[in-house]
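Participant: Each residue of the sequence shown is one higher than the last, beginning at 1 in the numbering used here. All C-beta atoms, glycine included, are put in the ideal place defined by N, C-alpha and C. Dropping a structure here in structure tokens format, bear with me for questions.
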Amino acid sequence: MVPDTPASGSPQQQQGYADSHQPPGTAAEGAVAMVPHAPVASASHQQQQQQQQQTLPLEQQQQLQHSLPLQQQQQQQPEQLSDVKVQALEALNSAFCRHIYSTALSYLQQQYSFERVTQQFLDILERDDPFESPCSIAHAEGNSGKNRYRDVVPYDHNRVLLPPLLQQQQQQQQHHSSSSRSSCAGADHSNSSSKAPGTYINASYMTDPWLPGDANQVLGYIATQGPLPSTVADLWRMVAVTNTSAIVMLTGLTDGSTSLGNSRPRCASYFPDKEQDCLRLPGSITVTCVHKNSLDENVFFRQLEVAWAPSQQQQQQQLLPAQPQQQQQQLGQSGAHAVAQQQLPSLQPQRLWINHYQYANWPDYGIPPATSSVRVLCHALDGCRRAGCKIVVHCSAGVGRTGTFVAVDMLLQRLHSLTLQLHGTVREEDIQAAVDIPGLVASLRKQRRGTVQTAEQYAFVWQALMDEIAVLLQEQQDAAQDQQQQQQQAGPEQQQQ
């Protein structure tokens, strides 16, 4: 079992985590799941529903009771639920899940062929306009050197905006004051803070258009490039201010080889590989590998402790976000997503616990030999989602492998969310909309240029989703058969209770 994720929160929360006897990475009970739940009625509304049900004939009461989701049925009359009734409700919920899975799988199988999917991807590319949104900030002076590839940069509208470093923020304020006194009429300096040095990182917020807007603001993904040696500190600064609890790394530090036989660098080293090793980085950052194990033959899990040296109080202050009024102004002008304002302690080191997952053998511009490891990795992130935090995903450029993984994970979360809806409220067209792969990929490409780079990667998204649904459907069918056998063995007396 993969350890759950500790949310990076207040010092008191982090101290409680450190003092606990739970294994590192265990999430607190009661954490919130990422997927949207069905609306729950208020207490007074539930009482009215119960009173109305009591006035109905017994047969109609039973029909109404069975139309409710399993959790709400158990909450209404917990004292009256016998083991047999619980089994009946579980069977009803299992049938509901099987309906969703079988409908989705049948729809995907009817739509899928490699030739059709390849043409579908070409149609997406034809409609795609990589210059629809500007990328001016990524190419600005002082920022272009932070991009690993010149043609893979974030759009202005959803780039991750780092808070200015303390020294640069002071210089910016002095420059703004001087400019205000000497500026001519009509000059516009309202957007200067969002272009200040130190605020740029090659990273994009990635949201699912199928989810409500509020869920995307709190949760969601950050797609970024493999850091350069000069941007490693920026990566950890981004993790600190965006409420990130997990990093998914889909590349090795080097990848392939050149014609001279030399490996090509794909990602700078930003964490120690072995358990209990420490890595000291620029910016007085120390990263320790607290724990390491493997999830399967391809995926490695590490729990990392990230600390800023307590003697470098100025370095800690440099991580502080901009002043609320100033930050609100720069976010409003740039259109970027809100940056979580995580206050760092002034007299003690800031410590973060990050779950790090690495799939190093995924080839650049290619796909894994099977979908199983990618699906294992998606399930490993469930604890991070319950903690209500963002997930950083990167490969080398942050578009091909990164976009493929994000698409698969989003689709699996959509499917899971359908199983939590009210029975009878999920229509066939709702299921088809949830597994709309071309619509999702087209949306992701509008959020980060080049997301899902090849037709082969696009077909992999289809295959991964179909493989996962087939496994879930088989599990539900096996569970239903086991339950039926248990009921038959229980005998007629227990079934009549």
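1) Less than 6 angstroms between C-beta atoms, sequence neighbours within five positions excluded: which residues of the same chain meet that for D296?
2) Quick one: grab the DSSP three-state call for Q323.
3) How long is the line joining the alpha carbons of V86 and T425, rounded to whole angstroms?
4) So what does DSSP say about D364, is it helix, strand or coil?
5) Check whether the Cβ atoms of A544 and V471 lie closer than 8 angstroms to each other.
6) For S284, count neighbouring Cβ atoms within 10 angstroms of its own Cβ and tell me buried if that reaches 16, exposed if not.
7) Quick check: what's the CA-CA separation for C501 versus I354?
8) Measuring CA to CA, which of H423, D273, P134 is closest to R302?
9) Roughly how many whole angstroms lie between the Cα atoms of L250 and N93?
10) Given a threshold of 16 other Cβ atoms within 10 Å of its Cβ, counted over all protein chains shown, does E429 qualify as buried or as exposed?
11) Would you be able to state if there are at least three C-beta pairs under 8 angstroms between the segment 156 to 164 and the segment 200 to 207?
12) May I have the straight-line CA-CA distance separating Q110 from I437, to the nearest angstrom?
13) Rounding to the nearest angstrom, what Cα-Cα distance links C97 and Q476 in this structure?
14) Can you give the Cα-Cα distance for Y458 and T118, rounded to whole angstroms?
15) Examine the Cβ distances between the segment 416 to 424 and the segment 361 to 372 and report whether three or more of them are shorter than 8 angstroms.
16) Taking the alpha carbon of P163 as the point to measure from, which residue in R116, T242, V248 has its own alpha carbon closest?
17) Just mark P227 as buried or exposed, buried being the case when its beta carbon has 16 or more other beta carbons within 10 Å.
18) Look up W236 in the DSSP assignment and say whether it is helix, strand or coil.
19) According to DSSP, is K146 helix, strand or coil?
20) If distances are taken between C-alpha atoms only, which option among V299, F405, D255 comes closest to R264?
21) In the DSSP assignment, what residue or residues form a beta bridge with Q303?
22) Using DSSP with H/G/I as helix, E/B as strand and the rest coil, what is A502?
23) Kindly say whether Y101, judged by its beta-carbon, lies nearer than 8 angstroms to any beta-carbon of chain D.
24) Quick check: what's the CA-CA separation for Y270 versus A479?
25) Does the separation of the CB atoms of N542 and A140 fall below 8 angstroms?
26) With C-beta atoms as the reference, is A268 less than 8 angstroms away from P229?
27) Specify the secondary structure class of H157 as computed by DSSP and reduced to three states.
28) Report the three-state DSSP secondary structure of C135 (helix, strand or coil).
29) Taking DSSP as the reference, what is the three-state secondary structure of Q60?
30) Taking just the CA atoms, how far does Q489 sit from V339?
31) Are there three or more Cβ pairs, one per stretch, closer than 8 angstroms when the segment 231 to 240 is compared with the segment 451 to 467?
32) Suppose you measure from the CA of P134 to the CA of R449; what does that come to, to the nearest Å?
33) Would Q483 and E90 be called neighbours here (beta carbons separated by less than 8 angstroms)?
34) Specify the secondary structure class of A104 as computed by DSSP and reduced to three states.
35) Can you tell which of Q485, A397, G403, D467 has the C-alpha that lies nearest to the C-alpha of Y149?
36) Tell me whether T451 sits in a helix, a strand or coil according to DSSP, three-state version.
Facilitator: Let me spell this out:
1) Reading the sequence shown from its first residue, position 296 is the one you call residue 296. Contacts found: S373, V376.
2) The residue you call residue 323 lines up with position 323 of the sequence shown. Its pLDDT being 35, under 50, Q323 is placed unreliably by the model, and the measurement read from it follows with that caveat. Coil at Q323, not helix or strand.
3) Locating residue 86 in the sequence shown gives position 86, where the first residue counts as 1. Locating residue 425 in the sequence shown gives position 425, where the first residue counts as 1. Using only the alpha carbons, I get a separation of about 22 angstroms.
4) If you number the sequence shown from 1, residue 364 lands on position 364. Looking at D364 - three-state DSSP - the assignment turns out to be coil, as it is neither helix nor strand.
5) Past the boundaries of the shown model lies residue 544; the chain is included only from 1 to 497, so the question cannot be answered.
6) The sequence position of residue 284 within the sequence shown is 284, counting from 1. So S284 counts as buried.
7) This structure leaves residue 501 out entirely; the chain is present only between 1 and 497.
8) On the sequence shown, position 302 is the one that residue 302 refers to. Looking only at H423, D273, P134, the smallest Cα-Cα distance to R302 is reached by D273.
9) Indexing the sequence shown from 1 puts residue 250 at position 250. Indexing the sequence shown from 1 puts residue 93 at position 93. Rounded to the nearest angstrom, the two C-alpha atoms are 36 angstroms apart.
10) Position 429 of the sequence shown, counting from 1, holds the residue named residue 429. So E429 ends up on the exposed side.
11) Note that the segment 200 to 207 touches the segment 156 to 164; at least 3 beta-carbon pairs, one per stretch, sit closer than 8 angstroms.
12) Against the sequence shown, residue 110 aligns to sequence position 110. Against the sequence shown, residue 437 aligns to sequence position 437. Taking the straight line joining both Cα atoms gives about 14 angstroms.
13) Here residue 97 corresponds to residue number 97 of the sequence shown, with the count starting at 1. Here residue 476 corresponds to residue number 476 of the sequence shown, with the count starting at 1. C97 and Q476: Cα-Cα distance of roughly 8 angstroms.
14) Mapped onto the sequence shown, residue 458 falls at position 458. Mapped onto the sequence shown, residue 118 falls at position 118. Those two C-alpha atoms are separated by around 8 angstroms.
15) no
16) As a working note, residue 163 is residue 163 in the sequence shown. Minimum Cα distance to P163 is reached at T242.
17) Mapped onto the sequence shown, residue 227 falls at position 227. Buried, since its Cβ has 16 or more Cβ neighbours within 10 Å.
18) By one-based count along the sequence shown, residue 236 stands at place 236. DSSP places W236 in helix when its eight states are reduced to three.
19) Sequence index remark: in the sequence shown, residue 146 carries index 146 (1-based). Here K146 sits in helix by DSSP.
20) Here residue 264 refers to the residue found at position 264 of the sequence shown. The residue with the shortest Cα to Cα distance from R264 is D255.
21) Position 303 of the sequence shown holds residue 303. Per DSSP, H291, N355.
22) Because residue 502 is not part of the residues shown, which for the chain are 1 to 497, the question remains open.
23) Protein chains in the displayed structure number just one, and chain D is not present.
24) By one-based count along the sequence shown, residue 270 stands at place 270. By one-based count along the sequence shown, residue 479 stands at place 479. Cα to Cα, Y270 sits roughly 44 angstroms from A479.
25) Shown here, the chain extends from 1 to 497; a query on residue 542 therefore has no answer.
26) The residue you call residue 268 lines up with position 268 of the sequence shown. The residue you call residue 229 lines up with position 229 of the sequence shown. In terms of Cβ geometry, A268 and P229 form a close pair [threshold 8 angstroms].
27) Counting from one through the sequence shown, the residue named residue 157 turns up at place 157. Coil, per DSSP.
28) Reading the sequence shown from its first residue, position 135 is the one you call residue 135. Coil.
29) The count along the sequence shown starts at 1 and reaches residue 60 at position 60. Residue confidence for Q60 is low, a pLDDT of 46 falling below 50, so the modelled location carries little weight and cannot support an answer.
30) Here residue 339 corresponds to residue number 339 of the sequence shown, with the count starting at 1. Here residue 489 corresponds to residue number 489 of the sequence shown, with the count starting at 1. Unreliable positioning characterises V339 in this predicted model, as indicated by a pLDDT of 36, which lies under 50. A coordinate reading is not provided.
31) no
32) Translated into the one-based positions of the sequence shown, residue 134 becomes position 134. Translated into the one-based positions of the sequence shown, residue 449 becomes position 449. Answer to the nearest angstrom: the Cα atoms are 11 angstroms apart.
33) Along the sequence shown, one-based indexing puts residue 483 at 483. Along the sequence shown, one-based indexing puts residue 90 at 90. Against a cut-off of 8 angstroms, the Cβ pair of E90 and Q483 comes out as a contact.
34) Position 104 of the sequence shown holds residue 104. Reduced to three states, the DSSP call for A104 is helix.
35) Along the sequence shown, read from residue 1 onward, the residue named residue 149 stands at position 149. Here the closest residue by C-alpha is A397.
36) As a position in the sequence shown, residue 451 is number 451, starting the count at 1. Looking at T451 - three-state DSSP - the assignment turns out to be coil, as it is neither helix nor strand.
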